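A.B. asks: Before anything else, here's the structure in question.
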Amino acid sequence: MRVALVGNPNTGKSTLFNSLTGLNQKVGNFPGITVDKKTGTTKLPNGKHVEIIDLPGCYSLYPKSRDEAIVLEVLTNPKNASHPDLIVVVVDATNLKRNLLLFTQVADLKIPIILALNMSDAARKEKILIDVDKMSQKLGVQVVPISARKNENIELLKQAIADAPGIALQKQSIEVCEIAPALISQIKQDIRIKEDYVALLLAHQHEILDYLTEEESNHIESLEQANAFQPQHSQTKETIARYDFISTVLQESVKQMPKNIAETPTGKIDRILTHRVWGFVSFLAILLLIFQAIFAWAEYPMGLIESFFAWLDEIGRQYIPEGVLADLLLDGILAGLGGVLVFIPQIAILFGFIAILEDTGYMARITFLMDKIMRKVGLNGKAVVPMIGGLACAVPSIMATRNIESWKDRIITIMVTPLISCAARLPVYTLLISLVVPNDKIWGFFNLQGLALMGMYLIGTIGAIVVAWVMKKVIKTKEKSYFILELPVYRAPRWKNVFLTMYEKVKTFVLQVGKVIIAMSIVLWVLATYGPPGRMEAIEEKYQTEDYVNNYSEEERQFLESAEKLENSYVGILGKTIEPAIRPLGFDWKIGIALITSFAAREVFVGTMATIYSVEEPEDDTSTIRQKMLSSKDSITGKPIYTVASAFSLMIFYAFAMQCISTIAVVHRETKSWKWPIIQLTYMTALAYFSSLLVFQLLK
């Protein structure tokens with residue numbers, strides 16, 4: 001048996017899904033699109049197991065987003081793999097009049113249905129008295145009052161599911177056939193549809209329903225024209241009739257004590273949090289907390305993960321015999337796996353905060369505050385949180401764009417989020433700034449190096465805004481970007497739900513994105529380790545000659561040999577090959593190698609520099625790297641490589657370039673296509689190249 005959960009956003013539908021299924025759930029995508037498909041199983045009191053599908057939140061069966069279109073597709077197409085045997089419509093018991101509109105639409109599809117009055121505890125607090133038996137009698141369905149957050153009456157709902165009839169017994173809410181009788185009759189006959197309301201929905205929505213053939217869609221269009229069908233008039237007539245029915249039901253089954261919204265706790269808090277001034281001040285303070293937590297709280301667990309993998313590496317080198325297999329396992333697979341798992345604390349903290357903001361009701365206030373500002377540049381108010389999270393890491397931030405219903409708004413957010421300077425760029429910025437910016441203060445207070453660093457972060461943010469504005473003009477879609485939002489009442493976070501969300505997001509990241517990252521890390525290791533056999537053998541023989549043995553220690557010879565092997569590896573050869581293309585940017589072949597190797601992760605730049613310049617000290621000792629880089633001369637001009645022009649050119653390149661395999665992997669996963677990652681890689685590389693070229697030519 002398949003049970004679908006249907007409801008408006010912010011009615012607690014996902015919380016109910018978690019209560020019913022616990023850990024027996026999985027997240028996928030509906031076929032061919034990037035809308036989440038959450039499924040799970042639950043055990044009923046009669047011992048049977050049923051499949052639960054959490055359909056995307058929607059306000060009506062007249063979709064204004066891709067998520068809402070999925071609900072229409074699943075419920076009106078019996079051949080759809082997710083088509084339910086039973087529907088549980090979840091409504092907010094404190095806002096029944098609006099929520100019951102969707103219920104009446106779904107009920108008229110003539111699929112067996114149960115009405116779950118969620119947040120019944122909140123309704124009691126607000127002195128909303130609901131006669132459940134009377135409402136059940138008026139609607140002709142089982143009505144179950146529940147509180148998903150408190151697990152109240154969840155077993156009663158399971159019993160209702162077990163007792164649900166196999167046929168639809170709900171009462172007709174409106175006379176659908178009276179809206180367009182001739183058209184509905186012809187569609188039912190020609191398209192072989194049983195229910196009047198399904199036929200009416202096809203008349204309205206046939207262009208967006210994938211299960212209709214082009215011929216069927218065109219035929220419905222011709223029937224509309226023949227019957228002079230007016231969609232807007234029809235929908236208005238239907239909505240008025242439904243609200244008349246809902247008002248009749250509520251008058252007989254609900255008694256509500258009068259209340260002043262402004263005097264409720266939510267109203268009092270919103271005076272500050274949605275204020276045109278204090279709302280933004282509060283928002284910035286909360287962002288500062290999240291920003292600090294992502295860096296500060298993640299630092300210790302990330303250090304533990306790095307130490308753990310360093311310990312594994314040390315153990316491996318002790319017990320695995322030296323050779324190609326050891327290098328592949330330790331330098332390739334283990335290093336790649338460590339690079340994946342080190343992101344876990346940041347991902348968990350970011351999604352933990354997002355879950356808390358959503359559970360408390362504050363996320364809706366953030367999107368309300370920011371939507372008008374963000375929409376001017378082609379973004380949605382819900383793009384704010386992913387972009388802020390991009391300051392830590394683009395990977396979890398792109399995963400967080402699933403909260404954005406509009407396909408166009410979500411794609412634009414995904415495409416521009418990597419332009420926000422992430423934590424991985426910080427080592428590159430600090431190293432290069434220390435080379436060319438003096439550690440002086442202006443006006444006795446502002447540090448020049450600090451200002452330069454802040455400037456790099458501002459450049460990335462401004463770049464994201466400009467690109468979003470351009471993409472708003474370029475990306476075309478028939479889907480209109482509506483922003484419909486309910487401001488729910490404030491509630492304490494449900495910690496079980498928060499930790500379950502963190503667990504699901506981390507598991508998704510590790511299992512899905514991790515596979516691609518590890519594979520690409522192995523490829524890079526192979527390219528950086530091997531080169532043409534003749535060259536490598538000649539280098540090995542060179543450092544075994546008497547001159548090198550007598551004049552250098554074994555450790556020094558190993559560093560020199562490693563640096564020369566890197567230069568003659570396939571990656572090194574590639575660096576020499578691309579040198580003519582990057583010369584106009586002020587880069588030499590060594591920087592070219594760093595650009596290639598840091599494609600795995602931006603911070604690899606520092607380690608690559610250490611290897612190239614044959615530094616004896618550890619790779620994270622940037623003081624020695626700075627000395628070597630400062631004294632480095634251009635082999636062609638004889639002048640210093642790292643000047644103000646070349647250093648800022650390189651920083652601008654890293655600010656805009658897609659130097660991150662994990663980001664490409666997660667964009668591919670989220671869009672279910674290589675089209676968008678390729679477009680993103682292409683435009684970011686072009687933007688980085690030409691911006692870097694401009695900076696170098698102006699400053700040199």
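Using the UniProt record's numbering, the letters of the sequence shown correspond one by one to residues 1 to 700.
Glycine included, every Cβ here is placed at the ideal spot set by N, Cα and C.
Just so it is clear, the structure is predicted and the values come from calculations on it, not from any experiment.
1) Rounded to the nearest angstrom, what separates residue 17 and residue 511 at their Cα positions?
2) Leaving out the 5 sequence neighbours to the left and right, which residues in its chain are closer than 8 Å to residue 3 when beta-carbon positions are compared?
3) Answer yes if the stretch 135-149 comes into contact with the stretch 265-274, meaning at least three C-beta pairs across the two stretches below 8 Å, and no otherwise.
4) What distance in whole Å lies between the Cβ atoms of residue 107 and residue 113, which are believed to be in contact at a cut-off of 8 Å?
5) Is the Cβ of residue 399 closer than 9 Å to any Cβ of chain B?
6) May I have the straight-line CA-CA distance separating residue 421 from residue 19, to the nearest angstrom?
7) Name the two residues that bound the continuous alpha helix (DSSP H) containing residue 57.
8) With distance defined between alpha-carbon atoms, name the residue in 552, 569, 563 nearest to residue 531.
9) Under the assumption that residue 463 contacts residue 419 (Cβ atoms under 8 Å), give the Cβ distance between them as a whole number of angstroms.
10) With a threshold of 8 Å on Cβ separation, who are the neighbours of residue 6 within its own chain once the five nearest residues in sequence on each side are excluded?
11) Applying the criterion that 16 or more other CB atoms from any shown protein chain within 10 Å of the CB defines a buried residue, is residue 615 buried or exposed?
12) Pair every Cβ in the stretch 180-194 with every Cβ in the stretch 154-170, then say whether three or more of these pairs are closer than 8 Å.
13) What three-state label does DSSP hand residue 66 in the structure shown?
14) With a threshold of 6 Å on Cβ separation, who are the neighbours of residue 353 within its own chain once the five nearest residues in sequence on each side are excluded?
15) To the nearest angstrom, how far is the alpha carbon of residue 415 from that of residue 247?
16) Would you say residue 542 and residue 564 are within 9 Å of each other, going by their C-beta atoms?
17) Please classify residue 407: is it buried, with 16 or more other beta-carbons within 10 angstroms of its beta-carbon, or exposed?
18) Do you know how far the Cα of residue 525 is from the Cα of residue 324?
19) Alpha carbon to alpha carbon, what distance is there between residue 322 and residue 312?
20) Considering only the beta carbon of each residue, do residue 498 and residue 298 sit closer than 9 Å?
21) If you draw a straight line from the alpha carbon of residue 441 to that of residue 447, how long is it in whole angstroms?
22) Please report the distance separating the alpha-carbon of residue 412 from that of residue 682.
23) For the beta strand (DSSP E) containing residue 4, name the first residue and the last one.
24) Please classify residue 417: is it buried, with 16 or more other beta-carbons within 10 angstroms of its beta-carbon, or exposed?
25) Give me the residue from 349, 469, 213, 10 with the minimum Cα distance to residue 503.
26) Pick helix, strand or coil for residue 633, following the three-state DSSP scheme.
27) Look up residue 668 in the DSSP assignment and say whether it is helix, strand or coil.
28) Less than 9 Å between the beta carbons of residue 21 and residue 40, yes or no?
29) Enumerate in chain order the residues of its own chain whose CB-to-CB distance from residue 142 is below 6 Å, with the five nearest sequence positions on each side excluded.
30) Of the residues 364, 158, 561, which one's Cα is nearest the Cα of residue 545?
31) I'd like to know whether the C-beta atoms of residue 252 and residue 138 end up nearer to each other than 9 Å.
32) Distance check for residue 196 and residue 232, CA to CA, integer angstroms please.
33) What whole-angstrom Cβ distance do residue 653 and residue 598 have, given they're in contact under 8 Å?
34) Roughly how many angstroms separate the alpha carbons of residue 132 and residue 236, rounded to a whole number?
35) Counting along the chain, where does the beta strand (DSSP E) carrying residue 145 start and finish?
36) Where does the unbroken beta strand (DSSP E) through residue 256 begin, and where does it stop?
C.D. replies: Well, looking at it:
1) Residue numbering aside, residue 17 sits at position 17 when the sequence shown is read from its first letter. Residue numbering aside, residue 511 sits at position 511 when the sequence shown is read from its first letter. Near 23 Å, if we compare the C-alpha coordinates of residue 511 and residue 17.
2) Your numbering for residue 3 matches position 3 in the sequence shown. Answer for residue 3: 50, 51, 52, 53, 84, 85, 86, 87, 88, 161, listed in chain order.
3) no
4) Along the sequence shown, read from residue 1 onward, the residue named residue 113 stands at position 113. Along the sequence shown, read from residue 1 onward, the residue named residue 107 stands at position 107. So it is a contact: roughly 5 Å between Cβ atoms.
5) Protein chain content of the structure displayed is limited to a single chain, and chain B is not contained in it.
6) As a working mapping, residue 421 is identified with position 421 in the sequence shown. As a working mapping, residue 19 is identified with position 19 in the sequence shown. In a straight line, the C-alpha of residue 421 is about 38 Å away from that of residue 19.
7) Against the sequence shown, residue 57 aligns to sequence position 57. Element bounds for residue 57: n/a, residue is neither H nor E.
8) By one-based count along the sequence shown, residue 531 stands at place 531. Selected option, being the one with the closest Cα: 569.
9) Position 463 of the sequence shown holds residue 463. Position 419 of the sequence shown holds residue 419. The pair is a contact, with the Cβ atoms about 5 Å apart (cut-off 8 Å).
10) Within the sequence shown, the letter at position 6 stands for residue 6. Cβ neighbours of residue 6 beyond the five flanking positions: 13, 55, 58, 71, 75, 87, 88, 89, 90, 102, 106.
11) Residue mapping note: residue 615 aligns to position 615 of the sequence shown, counting from 1. Residue placement at residue 615 is flagged as unreliable, the pLDDT there being 34, under the threshold of 50; the coordinate-derived value follows with that caveat. By the 10 Å Cβ count, residue 615 comes out buried.
12) no
13) Walking along the sequence shown from the start, residue 66 turns up at place 66. DSSP places residue 66 in helix when its eight states are reduced to three.
14) For the purposes of this step, residue 353 is identified with residue 353 of the sequence shown, where counting begins at 1. If we look at residue 353 and ignore the five residues flanking it on each side, its Cβ neighbours are 290.
15) In the sequence shown, counting from the first residue as 1, residue 415 sits at position 415. In the sequence shown, counting from the first residue as 1, residue 247 sits at position 247. For residue 415 and residue 247, the distance between alpha carbons rounds to 45 Å.
16) For the purposes of this step, residue 542 is identified with residue 542 of the sequence shown, where counting begins at 1. For the purposes of this step, residue 564 is identified with residue 564 of the sequence shown, where counting begins at 1. The answer is yes: Cβ separation under 9 Å.
17) On the sequence shown, position 407 is the one that residue 407 refers to. When all chains shown are included, residue 407 counts as buried.
18) For the purposes of this step, residue 324 is taken as residue 324 along the sequence shown, with counting starting at 1. For the purposes of this step, residue 525 is taken as residue 525 along the sequence shown, with counting starting at 1. Cα to Cα, the separation comes out at about 11 Å.
19) To locate residue 312, count along the sequence shown from 1; it is residue 312. To locate residue 322, count along the sequence shown from 1; it is residue 322. Between the alpha carbons of residue 312 and residue 322 lies a gap of roughly 15 Å.
20) Position 498 of the sequence shown, counted from the first residue, corresponds to residue 498. Position 298 of the sequence shown, counted from the first residue, corresponds to residue 298. With a cutoff of 9 Å on beta-carbon distance, residue 498 and residue 298 are scored as not near each other.
21) Locating residue 441 in the sequence shown gives position 441, counting from the first residue. Locating residue 447 in the sequence shown gives position 447, counting from the first residue. In a straight line, the C-alpha of residue 441 is about 4 Å away from that of residue 447.
22) As a position in the sequence shown, residue 412 is number 412, starting the count at 1. As a position in the sequence shown, residue 682 is number 682, starting the count at 1. The straight-line gap from Cα to Cα measures roughly 15 Å.
23) The count along the sequence shown starts at 1 and reaches residue 4 at position 4. Start and end: 2-7.
24) As a first step, residue 417 is located in the sequence shown; it is residue number 417 there, counting from the start. Counting Cβ neighbours within 10 Å, residue 417 comes out buried, since at least 16 surround it.
25) Translated into positions along the sequence shown, residue 503 becomes position 503. Answer by Cα proximity: 349.
26) Start at 1 with the first residue of the sequence shown, and residue 633 comes out as number 633. Of the three classes helix, strand and coil, the one that applies to residue 633 here is strand, per DSSP.
27) As a first step, residue 668 is located in the sequence shown; it is residue number 668 there, counting from the start. Three-state result, residue 668: helix.
28) If you number the sequence shown from 1, residue 21 lands on position 21. If you number the sequence shown from 1, residue 40 lands on position 40. Yes; because the gap between Cβ atoms is below 9 Å, this pair is in contact.
29) As a first step, residue 142 is located in the sequence shown; it is residue number 142 there, counting from the start. Excluding residues within five positions, the ones whose Cβ falls inside 6 Å are 114, 160.
30) Within the sequence shown, residue 545 is the residue found at index 545, counting from 1. Residue 545 has its Cα closest to that of 561, out of 364, 158, 561.
31) The residue labelled residue 252 in the question sits at position 252 within the sequence shown. The residue labelled residue 138 in the question sits at position 138 within the sequence shown. Yes, the Cβ-Cβ distance between residue 252 and residue 138 is below 9 Å.
32) The residue you call residue 232 lines up with position 232 of the sequence shown. The residue you call residue 196 lines up with position 196 of the sequence shown. Approximately 18 Å between the Cα atoms of the pair.
33) Against the sequence shown, residue 653 aligns to sequence position 653. Against the sequence shown, residue 598 aligns to sequence position 598. Going by Cβ atoms, the distance from residue 653 to residue 598 rounds to 11 Å, so no, they are not a contact pair.
34) Residue numbering aside, residue 132 sits at position 132 when the sequence shown is read from its first letter. Residue numbering aside, residue 236 sits at position 236 when the sequence shown is read from its first letter. Answer to the nearest angstrom: the Cα atoms are 29 Å apart.
35) Here residue 145 corresponds to residue number 145 of the sequence shown, with the count starting at 1. Run containing residue 145: 142-145, per the beta strand (DSSP E) assignment.
36) Looking up residue 256 in the sequence shown gives position 256. 254-256 is the span of the beta strand (DSSP E), which, as asked, contains residue 256.
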